[in-house]
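Structure record follows, encoded as structure tokens.
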Amino acid sequence: MTGKIRHNIKYRAHDYIRFLGPGLLLAVAAAGESGIAEAVEIGAHFGYALIWVIAITLIYKFAFVNGIARYTMITGKTIFQGLISIPGPKNWGGILVMAIYFLEMFAFAGMLLLGGIFIDYIIPGINSTEMIVFISLSAILILLWKESYERLEHTIVAIALLLFIGIAFSLTQFPISLSAMIPGLVPHIPPSSLLSIMALMGAVGSSLNLLLYSIWLKEKIGDEKGPAFYRKAIQGVNLDLIIAFLFVGIITVLFISLGVTGFSISYLEHGEVFSVDALIAQVLYVISSIPYGPQTFLATGYLIMFGAVLTGMDGRARAISEVLHTGYAMKWDERTTFRLILLLFTMIIVSGVLIGQPMMLVHGVSAIASVFFAVMGFIIIYLNMEIKEPERPNRLWTAVMTIGSLIFLMMALFMEEGIIMFGIPLAERMIVVAFVVLIFAGTTLFRDLIQGNTTWIDRFWTALIFGALSIYGTFRGIPFEGVIINFRDLGPILAGIVGGPVIGAAAGIIGAVYRYQIPGMEKTALACAIATIVAGIVAGFFTRMFRGDITYLRGFILIAIVEAIHIFIIVPLFSDIGTFADFMIIVRATLLPMIFANTLGVILFCYIIQMKGYSLTTRFTKTPEEKPLQETEGEQ
Numbered sequence: 001m002t003g004k005i006r007h008n009i010k011y012r013a014h015d016y017i018r019f020l021g022p023g024l025l026l027a028v029a030a031a032g033e034s035g036i037a038e039a040v041e042i043g044a045h046f047g048y049a050l051i052w053v054i055a056i057t058l059i060y061k062f063a064f065v066n067g068i069a070r071y072t073m074i075t076g077k078t079i080f081q082g083l084i085s086i087p088g089p090k091n092w093g094g095i096l097v098m099a100i101y102f103l104e105m106f107a108f109a110g111m112l113l114l115g116g117i118f119i120d121y122i123i124p125g126i127n128s129t130e131m132i133v134f135i136s137l138s139a140i141l142i143l144l145w146k147e148s149y150e151r152l153e154h155t156i157v158a159i160a161l162l163l164f165i166g167i168a169f170s171l172t173q174f175p176i177s178l179s180a181m182i183p184g185l186v187p188h189i190p191p192s193s194l195l196s197i198m199a200l201m202g203a204v205g206s207s208l209n210l211l212l213y214s215i216w217l218k219e220k221i222g223d224e225k226g227p228a229f230y231r232k233a234i235q236g237v238n239l240d241l242i243i244a245f246l247f248v249g250i251i252t253v254l255f256i257s258l259g260v261t262g263f264s265i266s267y268l269e270h271g272e273v274f275s276v277d278a279l280i281a282q283v284l285y286v287i288s289s290i291p292y293g294p295q296t297f298l299a300t301g302y303l304i305m306f307g308a309v310l311t312g313m314d315g316r317a318r319a320i321s322e323v324l325h326t327g328y329a330m331k332w333d334e335r336t337t338f339r340l341i342l343l344l345f346t347m348i349i350v351s352g353v354l355i356g357q358p359m360m361l362v363h364g365v366s367a368i369a370s371v372f373f374a375v376m377g378f379i380i381i382y383l384n385m386e387i388k389e390p391e392r393p394n395r396l397w398t399a400v401m402t403i404g405s406l407i408f409l410m411m412a413l414f415m416e417e418g419i420i421m422f423g424i425p426l427a428e429r430m431i432v433v434a435f436v437v438l439i440f441a442g443t444t445l446f447r448d449l450i451q452g453n454t455t456w457i458d459r460f461w462t463a464l465i466f467g468a469l470s471i472y473g474t475f476r477g478i479p480f481e482g483v484i485i486n487f488r489d490l491g492p493i494l495a496g497i498v499g500g501p502v503i504g505a506a507a508g509i510i511g512a513v514y515r516y517q518i519p520g521m522e523k524t525a526l527a528c529a530i531a532t533i534v535a536g537i538v539a540g541f542f543t544r545m546f547r548g549d550i551t552y553l554r555g556f557i558l559i560a561i562v563e564a565i566h567i568f569i570i571v572p573l574f575s576d577i578g579t580f581a582d583f584m585i586i587v588r589a590t591l592l593p594m595i596f597a598n599t600l601g602v603i604l605f606c607y608i609i610q611m612k613g614y615s616l617t618t619r620f621t622k623t624p625e626e627k628p629l630q631e632t633e634g635e636q
């Protein structure tokens, strides 16, 4: 009897321990994005009053990852394979995830820079944070190159043990008052704390990192799947997740404690920018009385950043590789794809390191990712509702996920002030554009454009009409910090879609001339003028590439490409912007609102074309004999 009990205990313990690993990777990946600066600042301003926010946020994110685990264990698919089956344009979820994961490499550059600064403090005289970053990045590539999950897990176990030692040491040496924390577990919103609450919700436990759990869990379970396997394994998986989020919560509370302990930024206004060096110097001052306190903090900080980049690059490379092979049937093997993606990641990180400004990079990218993370909550709900009873999630899980996803979506939109301040007003002003396009779509000129039966006079009038819309997009724009947040590019883009790159460029020239001569906006005048012309050209060639088959998703991709060229290439090259910080202010204010407004314009345009019974593919499917003589000669 005793032997049987002992056997059962051993068997059950094996079931629990077996699934430890993916959660550890997730914890280390999330710890690097748990908002060190935000947590310290919140501790300085509000003490432990917002501990309840951490608890509630981690409950939601536990439910989020639990839903991912349920889907993976029952179906045998990762969440990224599940994105392929979501209703809507083909692979739209996978495309968005890939785009954001590539953008997040700029944030990883910021993390490595922060880690390099930590090491520079430990070993004075290095005088080259960039060298530390490149050594760290080289080590990460060596560890990941074989695409070995076992090697990654063993490395993270070692890092986690070192972090555990550092955390345990901090808990024994640092003056943390548990009695002061207990009142903070009761929900209470201190005055002027709303922005801090939203920042903490976004930072704790990270956001799109959580999707990577599906990748690592699939590596762990192999080919096992199905309802019976889920019922057997879910308790072990939940234990793995509880340990992971407990780890993240403890790290966040420790950084809040640093802020509570007489941190000097309490004299700053909330949200006021302070440098990384100022942050580190003040933390070191606070813990200088603890034996080996500064060294422990700096070493722990570096390990958190290194581990976050290591796990983040691995998980994202595996995820993108899976999306490409599942959605697009790539011909080469997944290991080759994985390595190519790692090299692309490395190039982006290196460019981010050369830019500098680590905190600006991290915050800028996380603002974009937070919006899609909120949307992913609803996608997780949808995929779990496809699971049959009795494994389908209960009402409590559904309620937590629905309420949490709604809150995170509203929070993301509110935190991204540009959408509220500029995107929605621009969308309202799009009504005039929609009205003009609707009237224009009823003319014979528009019909001839769609059918490819235009003369040079027709093309002239088309360029003039869409050029006027470009002028209107500037005229009704919103001035901000010496720039105009606008939908000027929309006119040339629509001209390029219906008439090709030449008409798009002509409409762009009209809009560019008007923009260039506006007084008081000289510092970006040339850049914006050039970008307007480029927008029409890019739209024309983009439409040709797809032979007129411009879906809503492709319209969004077109706008994203045009605005990325505008903001990240043309503005830095042809404008008079003083510092990188000034440039990032412009990016935060303009990029998302302009993508939002212009995408809405393209979607309305495509809808009007469908409503009128036209197709943009018509002029690309005509035979040479059906084309007018002028057009045939012009193409020769």
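UniProt numbering numbers the first residue of the sequence shown as 1 and each following residue consecutively.
All C-beta atoms in this analysis are idealised placements derived from N, C-alpha and C, irrespective of residue type, glycine included.
| Item | Value |
| --- | --- |
| For P124, the three-state DSSP class (helix, strand or coil) | coil |
| Beta-carbon separation (whole angstroms), V371 vs I197, contact threshold 8 Å | Contact doesn't hold; Cβ gap of about 18 Å is too wide. |
| In DSSP terms, what L568 is bridged to | Going by the sequence as given, residue 568 is Phe instead of Leu. Note: F568 sits in no beta bridge, so no partner. |
| Best match in L494, T618, Q517 and M584 for proximity to T599 [C-alpha to C-alpha] | L494 |
| Own chain residues within Cβ distance below 8 Å of L462, not counting five before or after | It is worth fixing the name first, because residue 462 is Thr in this sequence and not Leu. Around T462: L445, L449, T454, A495, V498, G499, I503 and A507. |
| Identity of the residues DSSP links to I74 by a beta bridge | Answer is none; I74 lacks a bridge partner. |
| Span separating the alpha-carbon of F345 from that of F475 | 40 Å |
| Counted within 10 angstroms of its Cβ, other Cβ atoms place residue 656 as buried (16 or more) or exposed | The first residue shown for the chain is 1 and the last is 636, placing residue 656 beyond what the model contains. |
| Which residues DSSP lists as bridging I485, in chain order | I478 |
| Cutoff 8 Å; reference D458; Cβ partners in own chain excluding five residues on either side | L445, D448 and L449 |
| Length-filtered (3 minimum) beta strand (DSSP E) runs lying within the region 85 to 158 | none |
| Exposed unless 16 or more other CB atoms sit within 10 angstroms - verdict on A329 | exposed |
| Exposure of G226, with buried meaning 16 or more beta-carbon neighbours within 10 Å | exposed |
| Sub-9 Å separation of M181 and I51 beta-carbons | yes |
| Close beta carbons around G540, own chain, < 6 Å, minus the five adjacent residues each side | G496, G500, P501 and G504 |
| Those runs of the beta strand (DSSP E) which lie wholly inside the region 323 to 408 and span at least 3 residues | none |
| Boundaries of the alpha helix (DSSP H) in which I79 is found, first to last residue | I79 to G82 |
| Cα-Cα separation between I485 and I349, rounded to whole angstroms | 29 Å |
| Residue span of the alpha helix (DSSP H) that contains Y230, given as start and end | P227 to V260 |
| CA nearest to the CA of M385, picked from G82, Y60, I17 and L20 | G82 |
| Which of helix, strand or coil DSSP assigns to G271 | Model confidence at G271 stands at a pLDDT of 46, short of 50, so the residue's coordinates are unreliable and nothing is read from them. |
| C-alpha gap between A531 and R488, whole angstroms | 10 Å |
| Same chain, Cβ closer than 7 Å to F229, five either side skipped, listed in chain order | M73 |
| Beta-carbon gap between F108 and V97 smaller than 9 Å | no |
| Cut-off 6 Å between Cβ atoms - residues of its own chain near L212, not counting five sequence neighbours on either side | G315 |
| Residue nearest to I320 in terms of C-alpha spacing, selected from T336, I537, V204 and G377 | T336 |
| Neighbour-count burial assignment, D333, 16 or more Cβ in a 10 Å radius | exposed |
| Pair within 9 Å by beta-carbon distance, D549 and T443 | no |
| Cβ pair residue 718, A29 closer than 9 Å | The structure shown does not extend to residue 718, since the chain is modelled only from 1 to 636, so the question has no answer here. |
| Collapsed DSSP secondary structure at Q295 in the structure displayed | helix |
| Burial state of S466 (16 or more Cβ within 10 Å) | Here residue 466 turns out to be Phe, not Ser, going by the sequence shown. So F466 ends up on the buried side. |
| Under 9 Å between C-beta atoms of F19 and L217 | yes |
| Rounded straight-line distance, which links the Cα of M584 to that of G249 | 30 Å |
| Alpha-carbon to alpha-carbon, T524 and V571 | 7 Å |
| Reference R515; option with closest CA among G477, L144, I142 and T543 | G477 |
| Inter-residue Cα distance where the pair is N394 and S405 | 17 Å |
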